[in-house]
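S.K.: Residue numbers (this note's numbering): 1350 to 1485. Take this structure, written in structure tokens, and hold onto it; I'll ask about it next.
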């Protein structure tokens, strides 16, 4: 699963905050984007956790443990990205982009795994990044 999430995060990198002129402006913009991605993930996380708990305490506990491990993995991965780029001022931007990409990939995973159904039942929440009318 780790490799799948990482592949999803790298599949279609989205340029962010390209209009910013300074490192401080770029990192401020990316921090806002990171916070927005975190808020969106938390919205999907609450719904996914509710569904997991609906399947029983054991499933809910496993879900919570998985999320805790994922958070630790994301921190380690993005810390490694920061160290990789430590020789330049881009290190903060690269770490923030890592956090955004992995958070968006996790949100997609939560939606696909916990908030959709294998039949024609509508998903509990709309697909992340897609508006209610099916557009981005």
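Glycine residues also receive a C-beta, built at the ideal position from the N, C-alpha and C atoms.
Going by DSSP, what residue range makes up the alpha helix (DSSP H) through residue 1400?
M.R.: Locating residue 1400 in the chain shown gives position 51, counting from the first residue. Its alpha helix (DSSP H) spans residues 1372 to 1403.
S.K.: Take every Cβ of the stretch 1363 to 1383, pair it with every Cβ of the stretch 1435 to 1454, and state whether three or more of those distances are shorter than 8 angstroms.
M.R.: Cβ pair count under 8 angstroms is three or more, so yes.
S.K.: Is it true that the stretch 1400 to 1413 meets the stretch 1421 to 1430, where meeting means three or more beta-carbon pairs spaced less than 8 angstroms apart?
M.R.: Contact fails: fewer than three Cβ-Cβ distances are below 8 angstroms.
S.K.: Along the chain, where does the alpha helix (DSSP H) that runs through residue 1420 open and close?
M.R.: Numbered from its first residue, the chain shown carries residue 1420 at position 71. Element bounds for residue 1420: 1406 to 1433.
S.K.: For residue 1401 versus residue 1395, is the C-beta spacing smaller than 8 angstroms?
M.R.: As a working mapping, residue 1401 is identified with position 52 in the chain shown. As a working mapping, residue 1395 is identified with position 46 in the chain shown. Their beta carbons are not under 8 angstroms apart, which means residue 1401 does not touch residue 1395 by this criterion.
S.K.: Secondary structure at residue 1468, three-state DSSP: helix, strand or coil?
M.R.: Your numbering for residue 1468 matches position 119 in the chain shown. Coil, per DSSP.
S.K.: Under a Cβ-count criterion, where at least 16 other Cβ atoms within 10 Å of its own Cβ denotes burial, should residue 1420 be classed as buried or exposed?
M.R.: Indexing the chain shown from 1 puts residue 1420 at position 71. It is exposed - the Cβ of residue 1420 has fewer than 16 other Cβ atoms within 10 Å.
S.K.: Nearest-angstrom Cα distance between residue 1418 and residue 1458?
M.R.: In the chain shown, counting from the first residue as 1, residue 1418 sits at position 69. In the chain shown, counting from the first residue as 1, residue 1458 sits at position 109. When rounded, the distance between both Cα atoms is 15 angstroms.
S.K.: What are the boundary residues of the alpha helix (DSSP H) that includes residue 1449?
M.R.: Position 100 of the chain shown, counted from the start, is the residue given in the question as residue 1449. Looking at the DSSP string, the run of the alpha helix (DSSP H) that includes residue 1449 is 1440 to 1463.
S.K.: Take residue 1474 as the anchor and find which of 1436, 1437, 1391, 1416 has the nearest alpha-carbon.
M.R.: Stepping through the chain shown from its first residue, residue 1474 is reached at position 125. Residue 1474 has its Cα closest to that of 1391, out of 1436, 1437, 1391, 1416.
S.K.: Excluding the five sequence neighbours on either side, which residues of its own chain have a C-beta within less than 6 angstroms of the C-beta of residue 1370, listed in chain order?
M.R.: As a first step, residue 1370 must be located in the chain shown, where it is residue number 21. Closer than 6 angstroms at the Cβ level, and outside the excluded window around residue 1370, lies no residue.
S.K.: Buried or exposed: where does residue 1379 fall if 16 or more other Cβ atoms within 10 Å of its Cβ makes it buried?
M.R.: The residue labelled residue 1379 in the question sits at position 30 within the chain shown. Looking at its Cβ environment, which holds 16 or more other Cβ atoms inside 10 Å, residue 1379 is buried.
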